[in-house]
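Numbered per UniProt numbering, the sequence shown finishes at 335, counting up by one with no gaps. Note that beta-carbon positions come from the ideal geometry of N, C-alpha and C, so glycine has one too. As structure tokens, the structure follows; a few thoughts come after it.
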Amino acid sequence: MSDVYANNLRRDAKESERLDEQFDLLTEYVCVPSVHTGISVTVPGPYRTGRDEQKKFSSKHANHRPSSIRNIGYLVHPLILDRLPLDHPVVIADLATGTARFLQRISQSGNPRLKSAILHGSDLSPALFPPPNTLPSNIHLSVLDVRAPVPAALQGTYDFVHVRQIAAGLTPDDWVPAMANLATLLKPGGAMQWEECNFTNVVHLRGGDVSVTSVDAARTLGKMFKNGLMHYFRHGWDRLEEGMKTAGLVEVGSEILSSDREPATREALTRNGMQAILGWATANAKSGQLRGDKGQQVTIAEIEELGEQAYRDIQSGCYVRFDIHVAWGFRPHAG
Ligand SMILES: C[S@@+](CC[C@H](N)C(=O)[O-])C[C@H]1O[C@@H](n2cnc3c(N)ncnc32)[C@H](O)[C@@H]1O
Numbered sequence: 001m002s003d004v005y006a007n008n009l010r011r012d013a014k015e016s017e018r019l020d021e022q023f024d025l026l027t028e029y030v031c032v033p034s035v036h037t038g039i040s041v042t043v044p045g046p047y048r049t050g051r052d053e054q055k056k057f058s059s060k061h062a063n064h065r066p067s068s069i070r071n072i073g074y075l076v077h078p079l080i081l082d083r084l085p086l087d088h089p090v091v092i093a094d095l096a097t098g099t100a101r102f103l104q105r106i107s108q109s110g111n112p113r114l115k116s117a118i119l120h121g122s123d124l125s126p127a128l129f130p131p132p133n134t135l136p137s138n139i140h141l142s143v144l145d146v147r148a149p150v151p152a153a154l155q156g157t158y159d160f161v162h163v164r165q166i167a168a169g170l171t172p173d174d175w176v177p178a179m180a181n182l183a184t185l186l187k188p189g190g191a192m193q194w195e196e197c198n199f200t201n202v203v204h205l206r207g208g209d210v211s212v213t214s215v216d217a218a219r220t221l222g223k224m225f226k227n228g229l230m231h232y233f234r235h236g237w238d239r240l241e242e243g244m245k246t247a248g249l250v251e252v253g254s255e256i257l258s259s260d261r262e263p264a265t266r267e268a269l270t271r272n273g274m275q276a277i278l279g280w281a282t283a284n285a286k287s288g289q290l291r292g293d294k295g296q297q298v299t300i301a302e303i304e305e306l307g308e309q310a311y312r313d314i315q316s317g318c319y320v321r322f323d324i325h326v327a328w329g330f331r332p333h334a335g
């Protein structure tokens, strides 16, 4: 089957870094051991560099409690987490895993239900996989296309199946069959959780004072990206519950969050998104396929100029907003 994703977005070292940062900003999940208590606390994303910075941050936020986890605010929805077995190591699959950030965060979580988890990540392409020697020994990565029938040996073997942000790789007709396909991975009683962003409602907003904040270049580039990928962005986020129900899952639920829920993440998330937008726009301008809102061809020089202004817009207080959809469901117990 074709690699639709490669036509839309790139896979390289810079993109790996961007995806890792985006994952943490959307999840707002970084564990930093508190110097006061020795207990891991969850703190805002950008603070994850050296030990000294961690100490500085931990001491400032020594009273941080899990109740202040923001944006999505969890790796595994509490309804699922509470049901994961405690009597054997949980087996987890993360499809379209990219850089395996989700699995790495699971392995660091310290939650007793996730502690000795067996973590299998897979992706259509291994291009974003970190080198195996940089991964914890309980994470194993392999190549798997979510549109292809799941290998018989994997069927019914997972307690928890997770997918995040595959939209640029699936066409509208792929969603429901892919979800039915992936539901076969679940053990009876096992759970699926899937997160997709609705980029059809992406908008760049004025965050700062009216006299200093500009938004036009960021907004123009955001619209170009949205319109260029609309075929892919239109669906997915709106098919999660339907797909799970069609796949025979029960107790299906969902929630919607706003990407700007946590103000501290706004600027970084906007810069992160702009990097993706400019990568896509530059590649399309190079091949002469980029069109403006009146159908006119857009050149690389125009993209470069818009890009520079867009970063000034962000510096001045412009920030991005879109909806984040999370859905979950359970495979019924046999009988
Ligand atoms: C935006 S990245 C998200 C990666 C990761 N889930 C995250 O949240 O950071 C999308 C990933 O989907 C993968 N992908 C695209 N089409 C796929 C398919 N048909 N089967 C499996 N993976 C696919 C891409 O290779 C890419 O790694």
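Anyone know if the C-beta pair for residue 178 and residue 249 falls short of 8 Å? Walking along the sequence shown from the start, residue 178 turns up at place 178. Walking along the sequence shown from the start, residue 249 turns up at place 249. It is not a contact, given that the beta carbons lie outside the stated cut-off.
Candidates 84, 106, 83, 87: which alpha carbon is nearest residue 94's? Walking along the sequence shown from the start, residue 94 turns up at place 94. The residue with the shortest Cα to Cα distance from residue 94 is 106.
Residue 129: first and last residue of the uninterrupted alpha helix (DSSP H) it sits in: Working through the sequence shown from its first residue, we reach residue 129 at position 129. Premise fails: residue 129 is in no alpha helix (DSSP H) and is neither H nor E.
In angstroms, rounded to a whole number, what distance separates the CA positions of residue 260 and residue 113? The residue given as residue 260 occupies position 260 in the sequence shown. The residue given as residue 113 occupies position 113 in the sequence shown. Distance between the alpha carbons of residue 260 and residue 113: 30 Å.
Option nearest residue 287 by Cα separation, candidates 300, 312, 278: Here residue 287 refers to the residue found at position 287 of the sequence shown. Comparing Cα positions, the closest option is 300.
Beta-carbon separation of residue 236 and residue 280 under 8 Å? Stepping through the sequence shown from its first residue, residue 236 is reached at position 236. Stepping through the sequence shown from its first residue, residue 280 is reached at position 280. No; because the gap between Cβ atoms is not below 8 Å, this pair is not in contact.
Residue 291 (DSSP reduced to helix, strand or coil): Against the sequence shown, residue 291 aligns to sequence position 291. Reduced to three states, the DSSP call for residue 291 is strand.
How far does the beta strand (DSSP E) with residue 109 in it extend, from its first residue to its last? Position 109 of the sequence shown, counted from the first residue, corresponds to residue 109. Unbroken run through residue 109: none, as it is neither H nor E.
Is residue 146 near ligand 1, in the sense that its beta carbon is under 7 Å from a heavy atom of that ligand? Taking the sequence shown and counting its residues from 1, the one referred to as residue 146 is at position 146. Yes, Cβ of residue 146 sits closer than 7 Å to a heavy atom of ligand 1.
Do residue 320 and residue 228 have their C-beta atoms within less than 8 Å of each other? On the sequence shown, position 320 is the one that residue 320 refers to. On the sequence shown, position 228 is the one that residue 228 refers to. No, Cβ-Cβ distance for residue 320 and residue 228 is not below 8 Å.
As assigned by DSSP and simplified to three states, the class of residue 297: Numbered from 1 along the sequence shown, position 297 holds the residue referred to as residue 297. Strand at residue 297.
Reduced DSSP secondary structure (H/G/I, E/B, other) of residue 231: Translated into the one-based positions of the sequence shown, residue 231 becomes position 231. Three-state DSSP puts residue 231 in a helix.
Would you say the beta carbon of residue 110 comes nearer than 7 Å to a heavy atom of ligand 1? One-based indexing of the sequence shown puts residue 110 at position 110. Because no heavy atom of ligand 1 lies under 7 Å away, the Cβ of residue 110 does not count as near it: no.
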